[in-house]
Structure formats: C-alpha cells, structure tokens
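A.B. asks: So that we are looking at the same thing, I have put the structure below in structure tokens.
There are 2 protein chains.
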Amino acid sequence: MSTAIRFLPNGTVTSARGFVAGATFAGMKTYSTDKLDLGILFSSLPCTAAGVFTTNSIKSPSVVVTQAHMERGAVRAVVACSGIANTAVGDQGRKDALEVLGLASRQLGVPQEEIAFLSTGIIGVELPMGLIRAALPKVQLAESGGGVFARSIMTTDTHPKEAAVAYESGGRTITVGGAAKGSGMIHPTMATMLAFLATDAPVERSFLQRTVKEVADESFNMITVDGDTSTNDTFLLLANGAAGGPTIHSESEEAPLFQQAVTELSAHLAKEIVRDGEGASKVFEVIVEGARSQDEARLAARAIAGSNLVKTAVHGSDPNWGRIIAALGRSGATVEEQKVALYVNDVCILENGLPIPFFKDAIVLQMKNPEVTFRVHLHLGAARATAWGCDLSEAYVTFNSVYTT
Amino acid sequence: MSTAIRFLPNGTVTSARGFVAGATFAGMKTYSTDKLDLGILFSSLPCTAAGVFTTNSIKSPSVVVTQAHMERGAVRAVVACSGIANTAVGDQGRKDALEVLGLASRQLGVPQEEIAFLSTGIIGVELPMGLIRAALPKVQLAESGGGVFARSIMTTDTHPKEAAVAYESGGRTITVGGAAKGSGMIHPTMATMLAFLATDAPVERSFLQRTVKEVADESFNMITVDGDTSTNDTFLLLANGAAGGPTIHSESEEAPLFQQAVTELSAHLAKEIVRDGEGASKVFEVIVEGARSQDEARLAARAIAGSNLVKTAVHGSDPNWGRIIAALGRSGATVEEQKVALYVNDVCILENGLPIPFFKDAIVLQMKNPEVTFRVHLHLGAARATAWGCDLSEAYVTFNSVYTT
Numbered sequence: 130m131s132t133a134i135r136f137l138p139n140g141t142v143t144s145a146r147g148f149v150a151g152a153t154f155a156g157m158k159t160y161s162t163d164k165l166d167l168g169i170l171f172s173s174l175p176c177t178a179a180g181v182f183t184t185n186s187i188k189s190p191s192v193v194v195t196q197a198h199m200e201r202g203a204v205r206a207v208v209a210c211s212g213i214a215n216t217a218v219g220d221q222g223r224k225d226a227l228e229v230l231g232l233a234s235r236q237l238g239v240p241q242e243e244i245a246f247l248s249t250g251i252i253g254v255e256l257p258m259g260l261i262r263a264a265l266p267k268v269q270l271a272e273s274g275g276g277v278f279a280r281s282i283m284t285t286d287t288h289p290k291e292a293a294v295a296y297e298s299g300g301r302t303i304t305v306g307g308a309a310k311g312s313g314m315i316h317p318t319m320a321t322m323l324a325f326l327a328t329d330a331p332v333e334r335s336f337l338q339r340t341v342k343e344v345a346d347e348s349f350n351m352i353t354v355d356g357d358t359s360t361n362d363t364f365l366l367l368a369n370g371a372a373g374g375p376t377i378h379s380e381s382e383e384a385p386l387f388q389q390a391v392t393e394l395s396a397h398l399a400k401e402i403v404r405d406g407e408g409a410s411k412v413f414e415v416i417v418e419g420a421r422s423q424d425e426a427r428l429a430a431r432a433i434a435g436s437n438l439v440k441t442a443v444h445g446s447d448p449n450w451g452r453i454i455a456a457l458g459r460s461g462a463t464v465e466e467q468k469v470a471l472y473v474n475d476v477c478i479l480e481n482g483l484p485i486p487f488f489k490d491a492i493v494l495q496m497k498n499p500e501v502t503f504r505v506h507l508h509l510g511a512a513r514a515t516a517w518g519c520d521l522s523e524a525y526v527t528f529n530s531v532y533t534t
Numbered sequence: 130m131s132t133a134i135r136f137l138p139n140g141t142v143t144s145a146r147g148f149v150a151g152a153t154f155a156g157m158k159t160y161s162t163d164k165l166d167l168g169i170l171f172s173s174l175p176c177t178a179a180g181v182f183t184t185n186s187i188k189s190p191s192v193v194v195t196q197a198h199m200e201r202g203a204v205r206a207v208v209a210c211s212g213i214a215n216t217a218v219g220d221q222g223r224k225d226a227l228e229v230l231g232l233a234s235r236q237l238g239v240p241q242e243e244i245a246f247l248s249t250g251i252i253g254v255e256l257p258m259g260l261i262r263a264a265l266p267k268v269q270l271a272e273s274g275g276g277v278f279a280r281s282i283m284t285t286d287t288h289p290k291e292a293a294v295a296y297e298s299g300g301r302t303i304t305v306g307g308a309a310k311g312s313g314m315i316h317p318t319m320a321t322m323l324a325f326l327a328t329d330a331p332v333e334r335s336f337l338q339r340t341v342k343e344v345a346d347e348s349f350n351m352i353t354v355d356g357d358t359s360t361n362d363t364f365l366l367l368a369n370g371a372a373g374g375p376t377i378h379s380e381s382e383e384a385p386l387f388q389q390a391v392t393e394l395s396a397h398l399a400k401e402i403v404r405d406g407e408g409a410s411k412v413f414e415v416i417v418e419g420a421r422s423q424d425e426a427r428l429a430a431r432a433i434a435g436s437n438l439v440k441t442a443v444h445g446s447d448p449n450w451g452r453i454i455a456a457l458g459r460s461g462a463t464v465e466e467q468k469v470a471l472y473v474n475d476v477c478i479l480e481n482g483l484p485i486p487f488f489k490d491a492i493v494l495q496m497k498n499p500e501v502t503f504r505v506h507l508h509l510g511a512a513r514a515t516a517w518g519c520d521l522s523e524a525y526v527t528f529n530s531v532y533t534t
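Which chain is which? The protein sequence lines are A and B, in order. If you're matching positions, the first sequence starts at 130 in this note's numbering and goes up one per residue. If you're matching positions, the second sequence starts at 130 in this note's numbering and goes up one per residue.
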C-alpha cells in the first residue's frame with residue numbers, strides 16, 4: 130500500500146464530503162436477518178460518474194436503464210434494492226425500473242438521467258411496486274447514512290462491506306468511500322454484484338471511466354466465489370468534486386495517486402466479498418508472476434482461484450499442489466512446466482516444475498490460517514496478477530441446495 | 130437410438146472379436162477398495178487407431194509418448210495404470226513411460242510404437258517402477274478380461290464403466306466395446322480422463338480419427354463433474370478388422386452407422402462417468418436447441434451443466450430456473466431473452482423469456498428423480514447440443530477436502 134493512502138476508521142460510502150445516504154424496509158427481502166432492502170446514495174453536488182456492468186447477455190432491466198444513464202456521465206444518485214433482482218421478468222422489469230427512477234427523481238429533485246437504479250436478489254420475480262412506492266419516501270438521507278445504505282444492499286451477505294480511504298494532495302484531502310455486496314453467483318467478468326464508490330475528488334469523466342475499468346480488472350474482476358456471473362453486476366464510481374482543487378485527468382500529477390486510492394479501496398471491498406462468500410470459512414490469494422502478459426497472468430490466477438478442487442483443498446487445509454498445477458495448465462496461459470515454481474505462504478514447494486521436499490505438517494499448519502497465499506512463478510515474463518477465492522465448503526452446498534424451495 | 134444398433138448384455142471392452150485383456154495388482158492404488166491397478170488391452174491382429182487427448186498444457190509424459198505413437202496410427206495395445214498420474218515429475222516421467230512401453234513390447238511381442246501407455250491418479254508422484262516391473266508379467270490376457278481391465282483403470286470411481294454395442298451390416302456383425310473411468314477433475318476439453326474403445330470393424334485410419342474427434346464432441350467433451358480438466362485425459366479407439374468385410378471409410382455407406390454405434394457407446398460411458406461423479410447422487414441432462422450454431426449450443430449446454438449453482442439446485446431438487454438462465458447468459462452463446470423457453474422433464478416453466486405459472490410441488494417431485502432433463506430452446510437457429518452434469522453435494526466437498534492429507 131502507498132504510504133500516502135490511509136484507510137479511515139469506520140469509513141463508509143458517505144465518508145467523502147457532499148454525499149448523504151439512507152435506507153428503509155420495503156418488504157422485499159424475506160431471507161435475511163437484516164430487513165433493510167431499499168437504499169439511496171445521493172450527492173448534494175453534481176457529479177461525474179463512471180461504471181462497468183455485467184457481461185452476462187441476460188441483464189436486469191435495472192442494469193440496462195442504469196447503463197444508459199451512466200453513458201451521459203452525470204449520475205449523482207444511486208437507488209438500490211435487495212431481495213429481488215428484477216431480472217427475467219419481461220418488459221415489466223423495464224417499466225418498473227423507469228417508475229422507480231421517476232419516483233426518485235421527484236423525491237430528490239434531480240433529473241432521472243442523473244440517477245442509477247440497481248437491484249439484486251432472486252431472478253424471475255417482479256418488483257413489488259406497491260411496497261416500493263410506499264417505502265421510497267421514508268428513506269431519510271444523512272451524512273451518517275452510509276452504514277444503513279451498505280446494509281440495505283445485502284442479500285446472502287452475513288455483514289455489510291464498507292470502507293473509505295483518504296490521501297492528501299495539493300493542500301486538500303481527497304476521500305473515497307465505498308459499499309459493496311456479494312455473496313453468491315460471484316465470478317465477475319466485470320465487477321461483483323454491487324459496488325458503489327463515492328469520492329469528493331473532482332475528476333474528469335473519461336479519466337474516471339478509464340479508472341473504473343482498470344480498477345475493476347485488479348479488484349472486483351479478480352475474485353470468485355462460485356464461477357457464476359450474475360445478471361446484475363454493477364460497479365459505479367461517483368465523483369462530486371466537493372474537496373475542491375484542480376480537476377484530475379489522465380495527465381494530472383495526482384492521477385496515479387487517485388487511481389491507487391480507488392484500487393486499494395476496491396481490492397479491500399473485493400476481498401471482503403470473498404471472505405463473506407456463501408459458506409466460506411477462509412479466503413485465499415493467488416499471485417501469478419513471471420507471466421508472458423497481463424492477460425495470461427489474470428487468466429492463470431483466476432483459473433486457480435476458481436477451481437472447485439483447489440477450493441475444497443483449501444477447505445481441508447490440504448496442500449494438494451497437483452490441483453493448482455492442473456488448473457494452471459488448463460487456464461489458457463502459456464506455461465512451461467519445467468520453469469514453474471509454487472509457494473504456499475512464501476514456502477517454496479515446487480521449483481523447476483518439480484516438487485521439492487517439504488515438511489507437510491508445517492504446510493498444513495500454514496494452510497489452517499484463515500488467509501492462505503499461493504504464489505506461482507511462471508518464469509516466462511514480467512507480468513503479474515492477483516486473484517482471490519474462498520474455500521468451497523459443505524455449507525455452500527447445503528445453503529444453495531435449499532435457496533428458493 | 131438407431132434401431133439397428135443394440136447394446137450387448139454384459140458388454141465389455143473385449144466384446145469385439147480379436148481383443149483380449151487382463152489386469153493385476155502392482156501396489157500403486159492405495160485409496161480404493163478395488164486394488165487392481167495395472168491393466169493391458171491387446172488386439173491379436175494389427176489395428177488402425179485414433180485418439181484425442183487433454184488440452185491441458187501440463188500433460189503427463191504418459192500422454193506425450195502415447196500421442197506420438199498414436200500419430201503413427203497403428204496402436205494395438207493399451208497399458209494403463211491407476212493410482213499415480215505420472216504427471217509433474219520432470220524427465221523421470223518420460224523415462225518411466227518409455228520403460229513401461231519397452232517392458233510391454235517384449236511381453237506382447239509387438240513394437241513399442243504399437244503400444245499406448247496411460248496413467249491416472251495422484252499428480253506429482255513418480256511411478257513405482259520396481260512394483261510395475263514385478264507386476265506387468267503377471268497380467269494374464271483373455272477374451273474374458275474386459276471386466277478386470279475396466280476395474281484396473283478406476284481411481285475414485287465406485288464401480289467400473291464398461292459396455293458394448295453391435296450392429297449388422299453387409300452380412301457381418303460389427304461390435305464396439307469400451308471401458309472408461311472418472312470421476313473427479315472432470316470437465317474435458319477433449320475426453321474425460323481415460324476411455325478406451327475397441328472394435329472389430331475394419332476402419333480406414335483418417336476416418337477413424339475424424340470419428341474419434343466428432344464422437345468426443347458429442348459425448349466425453351459434453352460432461353462435467355467439477356469444471357477441472359485433467360492432465361491425463363485420453364480417449365482411444367482401436368479397430369482390428371476381425372469382423373471382416375470392406376474397410377469403412379468416410380464415403381462408405383456403412384460410415385454413418387459405424388459412427389452412430391461409436392457415439393451411442395461413448396455417450397453411454399460418458400453418462401456413466403457423470404453418474405459416478407465424486408459425491409454425486411443424480412445426473413442431469415441439458416439439451417440446448419434452437420441455437421445459432423453447434424458451437425454456441427455446446428457452449429450453452431456446458432455452461433449450464435457446469436454451474437455450481439445449477440448443480441447445487443439439482444442436489445436440492447430445487448427448480449431454481451434463474452440460475453439456469455444466468456448460466457446461459459454468461460455462456461458466450463447468443464441469447465435473446467424474450468425468445469428463451471425452458472423445460473424441466475418436458476414441463477415448460479419459461480416461455481418467451483417469462484416464467485409461466487407452474488405447480489412447484491410437481492416440478493420439485495420431477496426433480497427428485499435420479500435423472501433430470503433441462504431443455505432450453507433459444508429459438509434463434511437449428512443447432513442443438515446435449516451436455517450431462519451431476520449434482521454438487523456436501524459429499525463432494527467432504528471427499529475432496531481430505532484427498533491427499
């Protein structure tokens with residue numbers, strides 16, 4: 130981590146200046162102990178905004194209408210609901226999304242085009258519009274509302290994911306706050322389910338969009354819970370400029386620092402999602418280095434992190450490196466077997482493609498930690514990528530066998 | 130099934146004329162109740178032979194040397210061992226494979242180039258050559274040896290997979306027998322772990338190779354247990370011509386019937402592998418029709434059959450069609466949501482992309498069968514593909530959490 134960037138104690142999505150949020154209980158989320166299911170994040174100032182969205186060809190109409198608004202780049206408010214995905218419900222899904230945006234527009238006093246609407250939960254069920262119409266006006270917006278907003282987007286998550294980072298530049302403090310949620314159907318080819326970041330930095334639109342894309346590829350796109358890509362994945366970054374100072378663009382001296390801050394916050398939230406993956410008891414990190422290209426490093430890291438066999442081995446604290454090598458081999462990355470090295474928590478157990486003697490009990494003990502790192506060195510180039518996965522447990526199976534029935 | 134093709138009662142890999150087999154216990158397989166771990170399949174006549182192999186870039190040296198022999202197209206013997214994969218062991222793996230081939234060559238009295246050697250089991254362990262040298266001469270070959278050969282290739286399989294089909298053509302009976310094994314690390318991008326077919330048909334080499342490739346794409350390449358591709362996958366077809374009659378080539382009138390016989394036997398063995406998938410209690414079939422192309426139909430069927438969320442839903446007999454739609458959407462196949470129809474065991478539960486009312490208890494009851502069929506109609510074209518998967522159970526996780534430790 131850059132020493133210039135610090136995580137704030139009790140950071141939330143409203144830690145940056147000029148953002149308020151709130152949430153209420155509409156009655157959509159019936160399967161969680163936390164009943165908050167309708168939230169609003171709002172900037173009192175106009176924003177530049179950028180986002181990336183699910184690549185699933187079946188998309189929620191909530192995503193479709195939000196994508197259109199994001200293309201204009203001035204979204205300053207997010208309405209999010211949990212419990213129902215508003216997906217695979219035909220044209221009614223689009224009508225309902227537009228109605229929610231209309232209601233929010235009147236309530237917030239900003240044009241619909243400046244509002245994003247996202248939904249997450251069960252597929253194939255229409256939004257209960259009567260409940261939403263009644264609940265939306267009850268959402269009270271406050272600077273302290275980040276916490277309830279983060280709770281309102283949870284589905285099978287066991288706890289909210291929220292954090293904020295800050296750095297000093299040009300005599301002012303730039304803050305970036307964020308909230309995210311998982312925790313199944315997580316193998317983003319964009320970003321995981323829902324993640325919202327809000328900053329008081331003034332940021333030029335095209336640079337903001339580039340930042341979102343690049344950051345997603347180092348954070349939300351590098352996690353996997355179960356290999357399934359949701360129909361509703363969305364990652365948004367809103368920048369309202371409340372911190373003042375010069376607008377950050379791709380040539381700014383501050384640009385790398387800003388990107389780094391967004392990356393660190395996003396990687397933190399992404400790891401939190403994995404840690405809270407359905408049935409997960411452990412998180413593991415896969416570092417692939419020495420790859421021929423960044424794409425190949427990413428392919429390899431994701432293949433290993435996503436392998437059911439690697440995930441069950443992690444669950445059992447079993448240093449079954451054959452499974453790591455097999456997943457690496459099928460990943461699509463260029464691999465020369467006789468150059469591969471593999472480390473478990475910095476202990477080398479394979480070098481030049483050959484197992485080297487290790488004290489198995491010691492490695493098993495290492496693997497009993499709640500966090501395990503596998504580092505693979507391909508010795509073919511200079512590219513490097515990191516992915517995060519969680520173990521696959523009996524609890525994941527039990528949980529997902531009885532989800533809707 | 131073609132009415133001209135029949136499954137033989139008690140069919141084995143030696144059901145076709147001119148094939149003998151046998152197996153013994155060398156001491157490599159320590160984790161199975163069936164200790165047979167070294168088998169030989171042999172044709173008393175010269176053969177044409179063809180095969181397809183794992184696409185994993187980490188390959189067992191057993192596969193590498195066998196591939197070279199298969200390119201000559203005259204392989205008439207298969208030596209197979211189970212318990213140890215002979216993978217990721219450096220150059221020793223190649224030396225050991227060549228020594229096994231040399232020993233078998235002297236024992237069988239045929240050149241090394243006419244012998245295939247395959248291995249399956251734990252990665253990263255060298256073959257115990259002392260045990261193999263002592264055990265190989267003990268293998269007794271007999272026409273009745275198909276059954277012990279099928280047992281000798283099992284690893285985590287709970288029972289052997291073997292069958293044979295026959296058809297009449299031109300006044301003679303053509304028989305195709307086969308043996309295969311699973312049952313984890315199963316998501317072939319070629320063919321699953323090991324499958325050996327032996328026929329007494331006389332078959333021209335290039336047509337045989339085309340047949341193997343096309344059949345694999347409709348059978349072994351369409352099954353998935355856990356999404357992982359093994360380093361040792363191999364599917365071989367040996368044809369010794371013992372049935373007599375004209376040689377079958379791509380222009381023969383008999384060619385489609387021969388291909389159909391091989392396809393039916395292979396699909397049967399492939400389904401048997403899925404049914405015996407690690408921890409599996411159910412097998413499900415995914416038929417995708419109305420796709421724009423065969424490739425897209427295959428992509429979609431495999432994505433659905435391979436989804437952990439679909440597999441856990443099948444485990445819980447939960448008609449959670451949203452997960453099927455989400456997997457379809459991320460598959461890479463062209464999908465127009467408003468055209469999609471979905472059937473569970475022929476009961477339509479989604480039409481024009483919209484759920485249609487169904488009696489849930491009745492569908493849950495359908496899904497409690499040991500075999501479930503999901504049929505997806507994309508209504509975009511005429512292409513169709515079928516894939517097979519098994520449920521993901523708590524037992525799979527438990528089993529794979531304690532595999533090597």
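Note that beta-carbon positions come from the ideal geometry of N, C-alpha and C, so glycine has one too.
So what does DSSP say about Ile-134 of chain B, is it helix, strand or coil?
C.D. replies: Of the three classes helix, strand and coil, the one that applies to Ile-134 of chain B here is coil, per DSSP.
A.B. asks: Beta-carbon within less than 6 Å of Gly-212 of chain B's beta-carbon, same chain only, minus the 5 sequence neighbours each way: which residues are those?
C.D. replies: Here the set comprises Met-157, Lys-158, Asp-166, Gly-250.
A.B. asks: Assign Tyr-296 of chain B to buried or exposed, taking buried as 16 or more other Cβ atoms, counted over all protein chains shown, within 10 Å of its Cβ.
C.D. replies: Tyr-296 of chain B comes out buried.
A.B. asks: Distance cutoff 9 Å, beta carbons only. Does Tyr-472 of chain B sit that close to anything in chain A?
C.D. replies: No, Tyr-472 of chain B lies away from the interface with chain A (no Cβ there is under 9 Å from its Cβ).
A.B. asks: Do we get a CB-CB distance below 9 Å when we pair Asn-350 of chain B with the residues of chain A?
C.D. replies: No, Asn-350 of chain B does not count as interfacial toward chain A.
A.B. asks: Three-state secondary structure (DSSP) at Lys-158 of chain B?
C.D. replies: Here Lys-158 of chain B sits in coil by DSSP.
A.B. asks: Quick check: the Cα distance between Val-277 of chain A and Glu-291 of chain A, rounded to an integer number of angstroms?
C.D. replies: Straight-line Cα distance between these residues: approximately 10 Å.
A.B. asks: For a cutoff of 9 Å on Cβ pairs, would you count Asp-329 of chain B as touching chain A?
C.D. replies: Cβ-Cβ to chain A under 9 Å: no for Asp-329 of chain B.
A.B. asks: Where Leu-394 of chain A and Phe-136 of chain A are concerned, what is the direct C-alpha to C-alpha distance, given to the nearest angstrom?
C.D. replies: Cα-Cα distance, rounded: 8 Å.
A.B. asks: Tell me Trp-517 of chain B's beta-bridge partners as DSSP assigns them.
C.D. replies: The partner list for Trp-517 of chain B (beta bridge, DSSP) reads B:Ile-352, B:Glu-414.
A.B. asks: Hey, is Thr-249 of chain A's beta-carbon within less than 9 Å of any beta-carbon in chain B?
C.D. replies: So, not an interface residue.
A.B. asks: Thinking Thr-463 of chain B and Arg-421 of chain B are a contact (beta carbons under 8 Å), I'd like their distance in whole angstroms, please.
C.D. replies: Yes, Thr-463 of chain B and Arg-421 of chain B are in contact; Cβ-Cβ is about 5 Å, under 8 Å.
A.B. asks: Check the DSSP bridge columns for Lys-310 of chain A and list the partner residues they point to.
C.D. replies: The partner list for Lys-310 of chain A (beta bridge, DSSP) reads A:Leu-323.
A.B. asks: Looking at the C-beta of Trp-517 of chain A, does it have a partner C-beta in chain B at a distance below 9 Å?
C.D. replies: Answer no: the Cβ-Cβ gap between Trp-517 of chain A and chain B never drops below 9 Å.
A.B. asks: Taking Thr-328 of chain B and Ile-303 of chain B to be in contact with their CB atoms under 8 Å, please state how far apart those CB atoms are, rounded to whole angstroms.
C.D. replies: Thr-328 of chain B to Ile-303 of chain B, Cβ: 7 Å. Contact.
A.B. asks: Does Arg-504 of chain A come out as helix, strand or coil in the three-state DSSP assignment?
C.D. replies: Here Arg-504 of chain A sits in strand by DSSP.
A.B. asks: Please state whether DSSP places Leu-270 of chain B in a helix, a strand or coil.
C.D. replies: Three-state result, Leu-270 of chain B: coil.
A.B. asks: With 9 Å as the threshold, decide whether the Cβ of Thr-318 of chain A is near any Cβ in chain B.
C.D. replies: Below a pLDDT of 50, predicted positions are generally treated as unreliable, and Thr-318 of chain A, at 45, falls in that range; no measurement from the model is reported.
A.B. asks: For Thr-159 of chain B, go through chain A and note every residue whose CB falls closer than 7 Å to its CB, in chain order.
C.D. replies: Within 7 Å Cβ-Cβ: nothing; Thr-159 of chain B doesn't reach chain A, min ~16 Å.
A.B. asks: Nearest chain B C-beta to Asn-139 of chain A closer than 9 Å, yes or no?
C.D. replies: Asn-139 of chain A does not count as touching chain B.
A.B. asks: Is any beta-carbon of chain B found at less than 9 Å from that of Ala-217 of chain A?
C.D. replies: With 9 Å as the cut-off, Ala-217 of chain A counts as an interface residue toward chain B.
A.B. asks: Is Gly-419 of chain B near Ala-512 of chain B, with beta carbons less than 9 Å apart?
C.D. replies: In contact: Gly-419 of chain B and Ala-512 of chain B (Cβ atoms closer than 9 Å).
A.B. asks: Which whole runs of the beta strand (DSSP E) in the region 217-248 of chain B are 3 residues long or more, in chain order?
C.D. replies: None, since the region 217-248 of chain B contains no complete beta strand (DSSP E) of that length.
A.B. asks: Any idea which residues DSSP pairs Ala-179 of chain A with across the strands?
C.D. replies: DSSP, once it has assigned bridges, lists A:Leu-366 as partnering Ala-179 of chain A.
A.B. asks: Taking the alpha helix (DSSP H) that Ser-191 of chain B falls in, what are its first and last residues?
C.D. replies: First-last of the alpha helix (DSSP H) with Ser-191 of chain B: 190-201.
A.B. asks: Rounded to the nearest angstrom, what separates Val-526 of chain A and Asn-498 of chain B at their Cα positions?
C.D. replies: In a straight line, the C-alpha of Val-526 of chain A is about 19 Å away from that of Asn-498 of chain B.
A.B. asks: Please decide whether Glu-500 of chain B counts as near chain A, where near means a Cβ-Cβ distance under 9 Å.
C.D. replies: No, no contact with chain A.
A.B. asks: Can you list, in chain order, the stretches of the beta strand (DSSP E) that have 3 or more residues and sit fully within the region 406-460 of chain A?
C.D. replies: Listed in chain order, they are 412-420.
A.B. asks: Under 9 Å between C-beta atoms, does Thr-321 of chain A make it to chain B?
C.D. replies: Legend: pLDDT at Thr-321 of chain A = 43, less than 50; position of this residue unreliable, value from coordinates given subsequently. Taking Cβ atoms only, chain B never reaches closer than 9 Å to Thr-321 of chain A, which makes this a no.
A.B. asks: Cα-Cα, which of B:Thr-360, B:Asp-490, B:Lys-468, B:Phe-171 is closest to Gly-147 of chain B?
C.D. replies: Checking every option, the nearest Cα to that of Gly-147 of chain B belongs to B:Phe-171.
A.B. asks: Helix, strand or coil for Thr-360 of chain A? Go by DSSP, reduced to three states.
C.D. replies: Reduced to three states, the DSSP call for Thr-360 of chain A is coil.
A.B. asks: If you measure from the beta carbon of Thr-534 of chain B to each beta carbon in chain A, is any gap under 9 Å?
C.D. replies: Summary for Thr-534 of chain B: the model assigns pLDDT 44, below 50, so the residue's position carries little reliability, and this model does not support an answer.
A.B. asks: Would you say His-198 of chain A lies against chain B (beta-carbon separation less than 9 Å)?
C.D. replies: With 9 Å as the cut-off, His-198 of chain A does not count as an interface residue toward chain B.
A.B. asks: Go to Ala-206 of chain B, then tell me how far its beta strand (DSSP E) extends in each direction, as first and last residue.
C.D. replies: Taken as a continuous stretch (DSSP letters only), the beta strand (DSSP E) holding Ala-206 of chain B covers 206-213.
A.B. asks: Could you say which of A:Ala-309, A:Asp-520, A:His-378, A:Glu-333 lies nearest to Ala-345 of chain A if we only look at CA atoms?
C.D. replies: Minimum Cα distance to Ala-345 of chain A is reached at A:Ala-309.
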